[in-house]
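Start counting the sequence shown at 1; every next residue gets the next number (the working numbering).
Backbone N, C-alpha and C fix where the C-beta goes; we use that ideal spot for every residue, glycine too.
Keep in mind the model is a prediction, meaning the values are calculated, not measured.
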Amino acid sequence: MYPPPVQRLITELGKLPGIGQRTAQRLAFHILRSDAEDATALADAIREVKERIGLCEVCFNLADEARCRICQDERRDASLICVVEEPGDVIPVERTHEYRGRYHVLGGALSPIDGIDPEDLKIAELYARVLAGSISEVVLATNPTTTGEATALHIAAALRERTPDVAVTRLASGLPVGADLEYADEVTLGKALVGRRTL
1 MYPPPVQRLI
11 TELGKLPGIG
21 QRTAQRLAFH
31 ILRSDAEDAT
41 ALADAIREVK
51 ERIGLCEVCF
61 NLADEARCRI
71 CQDERRDASL
81 ICVVEEPGDV
91 IPVERTHEYR
101 GRYHVLGGAL
111 SPIDGIDPED
121 LKIAELYARV
131 LAGSISEVVL
141 ATNPTTTGEA
151 TALHIAAALR
161 ERTPDVAVTR
171 LASGLPVGAD
181 LEYADEVTLG
191 KALVGRRTL
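What follows is the structure, encoded as structure tokens:
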């Protein structure tokens, strides 16, 4: 239906997560309407990110050098590690301005159904960091999903066994600020009740 280069662009755009066939077509036609400089800048940005961005040798966050900027920052508390599933999970934690420690990116969550076992993630590297360094606390900030919870429980049990003197904590879960009780689902409300605290 379309000339082969346009069809190839639509096909490649359609491989992106959350992009269906119609959205891929709209994006392709937007790129076609754009100035040549804009289209070239997009292509260059994609090429540059694939060539220059790798994983930090310490925490496995995205980095353009051997170590990411957070691991290079001497002002960060090296005794505190926040464990997240993906590099994109670091940004929301950083936006809170409440956390001043370092990170460890697992590269996913345990999911035996999908064939993702502990060996497929950066879990052994986390254990090595905790055993090697003077770590006082590991904050498990995996997603509150079935796989995220399973991953957190697996890591917590292993850390308690290997390093009983290191505190292992989990992010609190429950009602978001500004939410009405009548709209909360049972699981969220149940978590909020279990995690209640004294005022």
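Subject >> Three-state secondary structure assigned by DSSP to Asp265 >> reply: The question about residue 265 has no answer here: the residues shown for the chain are numbered 1 through 199.
**OP:** Give the DSSP-derived three-state secondary structure of Cys71 in the structure shown.
**Re:** helix
Original post:
Is the distance from the Cβ of Cys59 to the Cβ of Cys68 below 8 angstroms?
Top reply: Cys59 places its beta carbon less than 8 angstroms from that of Cys68.
**OP:** Give the C-beta separation of Ala109 and Thr147 to the nearest angstrom, bearing in mind that I take them to be a contact with Cβ-Cβ under 8 angstroms.
**Re:** 4 angstroms
Subject >> Residue-chain proximity (Ala41, chain B), Cβ-Cβ < 8 angstroms >> reply: Among the protein chains of the structure shown there is no chain B, as only one such chain exists.
Original post:
If you draw a straight line from the alpha carbon of Ala150 to that of Asp35, how long is it in whole angstroms?
Top reply: 48 angstroms
Subject >> Distance, Leu80 Cα to Arg129 Cα >> reply: Per the coordinates, the alpha-carbon of Arg129 lies some 11 angstroms from the alpha-carbon of Leu80.
**OP:** Run through the segment 133-182 for me and flag every whole beta strand (DSSP E) of 3 or more residues, listed as ranges in chain order.
**Re:** 137-140 and 167-170
Subject >> C-alpha distance - Val194 paired with Thr40, whole-angstrom precision >> reply: 53 angstroms
Original post:
If you run the structure through DSSP and keep just helix, strand and coil, what is Val105?
Top reply: Strand.
Original post:
Using a Cβ-Cβ cut-off of 8 angstroms (strictly less than) and excluding sequence neighbours within five positions of Asp89, which residues of its own chain qualify?
Top reply: Val105, Ala141 and Asn143
Subject >> Sequence-distant residues of its chain with Cβ nearer than 7 angstroms to Pro87 (five each side left out) >> reply: Excluding positions up to five away in sequence, the list reads Asn61, Leu62 and Val105.
Original post:
Between Gly20 and Gly178, what straight-line distance do the alpha-carbon atoms span, to the nearest angstrom?
Top reply: 33 angstroms
Subject >> Beta-carbon gap between Ile91 and Leu126 smaller than 8 angstroms >> reply: Not in contact: Ile91 and Leu126 (Cβ atoms no closer than 8 angstroms).
Subject >> Gly190 to Tyr99 span [Cα, whole Å] >> reply: C-alpha separation (whole angstroms): 26 angstroms.
Subject >> Residues near Arg52 in its chain [Cβ-Cβ closer than 8 angstroms; skip 5 each side] >> reply: Asp64
**OP:** Pull up the CB-CB distance for Val138 and Leu159, whole angstroms please, since I reckon it's below 8 angstroms.
**Re:** 6 angstroms
Subject >> Where Ile81 sits in the DSSP three-state scheme >> reply: strand
Original post:
Just to confirm, are Ala28 and Leu42 a CB contact at a threshold of 8 angstroms?
Top reply: no
**OP:** Rounded to whole angstroms, what's the CA-CA distance from Arg47 to Glu186? Just pull it up for me.
**Re:** 46 angstroms
Original post:
When you compare each of Ala45, Arg102, Ile135 and Thr163 to Asp73 by their alpha carbons, which one comes out closest?
Top reply: Out of Ala45, Arg102, Ile135 and Thr163, Arg102 has the C-alpha closest to the C-alpha of Asp73.
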